[in-house]
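Comments concern the structure below.
Chains as they are written, first to last, in our numbering: chain A, 1 to 501; chain B, 1 to 485.
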């Protein structure tokens with residue numbers, strides 16, 4: 001879909017040249033079905049293969065775990081609607097970083113950028129790459145651990161290969177995404193079909209109401225909050241549809257429709273997968289497994305059990321690609337706002353790929369691969385990540401009050417952000433209550449950005465030597481990577497298009 | 001969560017580029033005019049800090065820079081290929097996983113023996129069913145029930161191995177218990193020791209009841225029972241009928257393995273070892289004696305059995321007389337025994353109440369004062385900790401047994417498996433403190449405390465130096481350390 005869109009936009013360039021008109025308009029090529037495909041394909045990731053254990057463990061019973069999955073889907077849909085209004089009201093790249101920046105000011109936006117660029121993206125990418133390596137080697141090491149150095153090297157190989165692909169071509173990057181999205185959808189389809197077969201065979205003891213809600217351990221509100229948080233990880237990616245709004249046919253009707261079709265569909269798929277899991281494994285077995293999908297495959301696939309670890313590995317490979325793709329665009333948005341060095345917003349002269357941003361992301365992720373307590377670190381920042389969802393949705397309410405007359409093609413009732421914020425506050429409070437140290441460390445890491453902001457951005461009259469030093473670094477980077485700042489004037493823009501044509 | 005948020009931002013980026021001229025030439029709204037104004041300072045900054053396309057192409061297009069970029073690209077790919085080759089070499093050279101030995105349900109966790117159903121619950125079999133959740137939470141894998149069949153003391157003619165004594169319940173109650181237990185992953189073993197109320201388990205003539213026993217085994221296994229337990233195994237093993245009884249349990253028709261288990265009293269080390277080989281039972285339960293307490297002879301017995309037999313056939317329990325609660329004494333160091341039973345190769349078999357440290361005369365579910373309740377909870381939590389470790393850790397499940405130290409009043413050994421976490425156990429049942437100096441190539445300088453009866457001196461999760469391990473009177477500790485590599 002993305003590559004198709006890219007090709008069509010490229011084709012539109014010759015049309016304008018013969019007429020001599022410099023104006024180029026985007027063709028609306030994404031219909032409702034395509035929009036749903038984009039959302040579904042990007043939400044479903046490796047989370048559904050590894051999160052069920054955490055959700056079940058913290059929920060305390062099979063029935064409540066399924067309710068948590070459904071509830072999380074509903075909250076995700078509400079959040080997506082709120083983001084949709086922000087997306088058309090503030091039509092800028094950068095997602096919630098741009099919204100927080102515009103609504104709450106530069107410092108809040110910078111802290112969001114700081115935590116994302118410094119910790120969240122590198123840590124997420126490192127963890128996903130390690131997960132890829134782990135599952136890829138699982139068929140070779142079925143009952144013991146693969147060598148740690150091999151895991152690290154394989155994760156680095158995966159990361160470098162995808163970095164190169166993203167540097168080479170936007171089209172290739174999106175094709176990689178499409179291929180691996182197909183892979184994980186097939187894996188999930190296989191799980192759900194096998195689950196249906198199990199139910200037809202009569203294996204549904206744990207789905208009967210009197211057993212489903214039998215507590216495996218006493219219910220605890222703090223742990224239920226953690227279960228919802230873990231479920232939320234599996235729904236990550238719900239808010240990126242904003243970036244294709246201008247390509248939607250009839251966006252003001254299709255955007256809400258796409259949300260109300262896609263997210264319930266994902267929720268249905270996730271609940272179905274969890275139901276399939278408990279048809280093949282007792283809750284005790286599910287909790288004892290470190291890789292739910294793999295254990296599921298071993299039980300039902302027999303000699304074909306290697307299919308599951310490979311499917312999960314492919315899914316995580318696509319996840320690394322997706323993360324590289326999006327993180328480099330965040331660098332662009334941050335640099336454009338002046339929160340990051342200008343070099344990071346530059347793109348290749350011919351390929352139009354953000355090479356400096358991709359290289360920085362790659363290097364920081366490689367550094368994370370050398371850190372030993374990376375899983376602890378990702379726990380710290382998971383809380384902060386969720387914190388900013390609420391801040392962004394709160395920003396929607398603030399914007400309604402501050403600029404009530406601004407153009408809003410999509411306008412949702414204020415009840416929705418209110419519901420989202422109540423739920424969000426509940427999660428935050430119980431997360432703080434359950435894991436106060438972890439949450440406070442996350443806050444401390446985020447606040448470490450304040451002095452950086454004051455020195456690097458707020459302080460405007462920096463010495464000339466500093467400015468010239470930055471300029472020389474920028475020039476060096478430009479020469480090594482052959483990158484320029486995009487669209488700095490009309491003539492250059494025209495020349496770019498002519499060459500591409 | 002943000003990792004996929006901006007998947008399509010590149011398209012928007014390109015859209016931005018294409019919109020620039022249109023915006024500049026055809027103002028269509030105040031906002032866009034505002035955008036244009038905002039752009040001006042940025043343009044100024046860009047010109048100051050960055051090279052324009054023309055400037056860049058002039059400099060970067062020269063041979064020197066082109067060569068530099070190609071060199072960097074070659075270095076990148078050399079590094080990539082090097083990493084891939086390195087990963088492949090490490091993987092190829094890595095030792096293969098040690099094959100996991102065949103595991104049956106009775107090898108995966110502790111067994112729980114309820115010999116005296118009346119003491120466990122007034123409701124007999126129905127009462128046991130009501131407590132399945134309690135047992136499941138402790139990771140119990142199997143129940144050894146009974147005996148519950150009909151018999152009159154010392155009258156073999158009244159023996160009915162296929163009938164349930166009405167004092168304990170009915171066959172339908174047993175069927176219900178079986179169904180519920182299986183759904184919770186708990187297997188049921190029936191104790192069919194014939195003359196459990198009389199003087200001699202086998203009426204002094206095992207051969208006379210062998211045929212009845214054979215029929216009863218077939219009957220109960222067909223009903224869904226998962227195994228049969230027999231006391232004083234040495235009496236029946238020597239009869240001609242034994243091989244045909246064994247055959248009932250050795251079917252190869254693909255159905256799940258049924259267990260033949262037993263125990264024998266007052267055997268020497270050699271006699272126990274011989275019985276294990278001779279009987280071919282799936283699990284031989286060896287009872288560690290009390291109130292007399294552990295002895296050097298018991299240490300020798302454990303060591304030789306662990307070293308000489310497949311651990312899958314070993315079972316360890318407490319007490320001279322099966323389930324006789326009257327024999328317990330208040331001074332019983334129950335946590336010490338729990339540590340030892342869970343750490344030994346083989347399956348720990350606990351009598352009802354062992355997980356609570358039940359004392360003489362105490363009832364299972366009766367309300368006790370708050371001090372005793374706290375004590376019970378602590379013992380039970382300790383039991384759960386050990387049960388969890390046993391179920392998860394490869395070394396404890398099927399690791400090699402390595403003796404480190406033994407004396408008449410103390411014992412220490414290692415459990416090792418492949419590249420898994422190692423476990424070391426030290427137990428001192430004597431009246432004096434001891435100091436051990438364990439030596440083994442595998443041992444590091446220090447190890448981590450995973451479970452301990454001496455919380456003050458050896459706190460859980462603390463590090464302990466191994467060159468000189470001090471253990472107080474009647475204390476035990478379970479330590480772990482990583483695979484040396």
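Each residue gets a CB set at the ideal place from its N, CA and C atoms; glycine is no exception.
1. So which residues of chain B does residue 147 of chain A contact, with C-beta pairs closer than 8 Å?
2. Hey, how far is the Cα of residue 112 of chain B from the Cα of residue 287 of chain B?
3. Could you spell out the range, first to last residue, of the alpha helix (DSSP H) harbouring residue 95 of chain B?
4. Anyone know if the C-beta pair for residue 196 of chain B and residue 147 of chain B falls short of 8 Å?
5. So, for residue 477 of chain A: in the same chain, excluding its five sequence neighbours on each side, which residues have a beta-carbon less than 6 Å away from its beta-carbon?
6. Quick check: what's the CA-CA separation for residue 62 of chain A versus residue 225 of chain A?
7. Can the beta-carbon of residue 183 of chain A be found less than 8 Å from the beta-carbon of residue 311 of chain A?
8. Based on Cα-Cα distance, which residue from A:483, A:120 and A:43 lies nearest to residue 364 of chain A?
9. In whole angstroms, what separates the C-alpha of residue 437 of chain A from that of residue 232 of chain A?
10. What residue from B:224, B:407 and B:280 has the CA that sits closest to residue 234 of chain B's CA?
11. Do residue 88 of chain B and residue 149 of chain A count as a contact pair if the criterion is CB distance below 8 Å?
12. So which residues of chain A does residue 56 of chain B contact, with C-beta pairs closer than 9 Å?
13. If we count the other Cβ atoms within 10 Å of its Cβ and call it buried at 16 or more, is residue 191 of chain B buried or exposed?
14. So, are the CB atoms of residue 254 of chain B and residue 231 of chain B less than 8 Å apart?
15. Give me the Cβ distance between residue 294 of chain A and residue 138 of chain A, rounded to the nearest whole Å; I'm assuming they're in contact under 8 Å.
16. Quick test of your reading: residue 435 of chain B and residue 470 of chain B, contact by CB under 8 Å. State the CB separation rounded to the nearest angstrom.
17. With distances taken between CB atoms, is the gap from residue 162 of chain B to residue 216 of chain B smaller than 8 Å?
18. Could you please give the first and the last residue of the uninterrupted beta strand (DSSP E) stretch that includes residue 158 of chain B?
19. Between the segment 314-332 of chain A and the segment 196-207 of chain A, do three or more beta carbon pairs fall short of 8 Å?
20. Among B:410, B:341 and B:283, whose alpha-carbon lies nearest the alpha-carbon of residue 103 of chain B?
21. For residue 142 of chain A, go through chain B and note every residue whose CB falls closer than 7 Å to its CB, in chain order.
22. For a quick check, are the C-beta atoms of residue 41 of chain A and residue 131 of chain A less than 8 Å apart?
23. With DSSP as the reference, label residue 104 of chain B as helix, strand or coil.
24. Helix, strand or coil for residue 417 of chain B? Go by DSSP, reduced to three states.
25. With residue 472 of chain A as the anchor, note down where its alpha helix (DSSP H) starts and where it stops.
26. What does the Cβ neighbour count give for residue 53 of chain B, buried or exposed, with the cut at 16 atoms within 10 Å?
27. Is the Cβ of residue 63 of chain B closer than 8 Å to any Cβ of chain A?
28. Pull up the CB-CB distance for residue 230 of chain A and residue 51 of chain A, whole angstroms please, since I reckon it's below 8 Å.
29. Taking just the CA atoms, how far does residue 403 of chain B sit from residue 127 of chain B?
30. Along the segment 441-472 of chain B, where does the CB come closer than 9 Å to a CB of chain A? Name the residues.
31. Suppose you measure from the CA of residue 201 of chain B to the CA of residue 115 of chain B; what does that come to, to the nearest Å?
32. Which residue comes first and which comes last in the alpha helix (DSSP H) that contains residue 315 of chain B?
33. Nearest chain A C-beta to residue 100 of chain B closer than 8 Å, yes or no?
34. Let's test the definition: count the other Cβ atoms within 10 Å of the Cβ of residue 122 of chain A and tell me whether it reaches 16, buried, or not, exposed.
35. What separation, rounded to the nearest whole angstrom, lies between the Cα atoms of residue 305 of chain B and residue 448 of chain B?
36. In the DSSP assignment, the beta strand (DSSP E) including residue 442 of chain B goes from what residue to what residue?
Let's see:
1. 90, 91 and 94
2. Cα to Cα, residue 112 of chain B sits roughly 14 Å from residue 287 of chain B.
3. Counting along the chain, residue 95 of chain B falls outside any alpha helix (DSSP H), and DSSP gives it neither H nor E.
4. yes
5. 343 and 356, listed in sequence order.
6. 16 Å
7. yes
8. Closest in alpha carbon position to residue 364 of chain A, among A:483, A:120 and A:43, is A:120.
9. 21 Å
10. B:280
11. no
12. 349, 475, 478, 479, 482, 483 and 484
13. buried
14. no
15. 7 Å
16. About 5 Å; that satisfies the 8 Å criterion.
17. yes
18. 155-164
19. no
20. B:283
21. 97
22. Contact flag unset, no.
23. Residue 104 of chain B: coil per DSSP, three-state reduction.
24. Residue state, collapsed to three classes: coil.
25. 464-481
26. buried
27. no
28. 5 Å
29. 42 Å
30. Within the segment 441-472 of chain B, no residue has a Cβ that lies closer than 9 Å to any Cβ of chain A.
31. 14 Å
32. Annotation: residue 315 of chain B is outside any alpha helix (DSSP H); the continuous beta strand (DSSP E) that includes it extends over 314-318.
33. Chain A, which has a Cβ nearer than 8 Å to the Cβ of residue 100 of chain B, makes this yes.
34. Counting other Cβ atoms within 10 Å of its Cβ, residue 122 of chain A reaches 16 or more and is therefore classed as buried.
35. Pairing residue 305 of chain B with residue 448 of chain B, the inter-Cα distance amounts to about 28 Å.
36. No beta strand (DSSP E) holds residue 442 of chain B; DSSP gives it neither H nor E.
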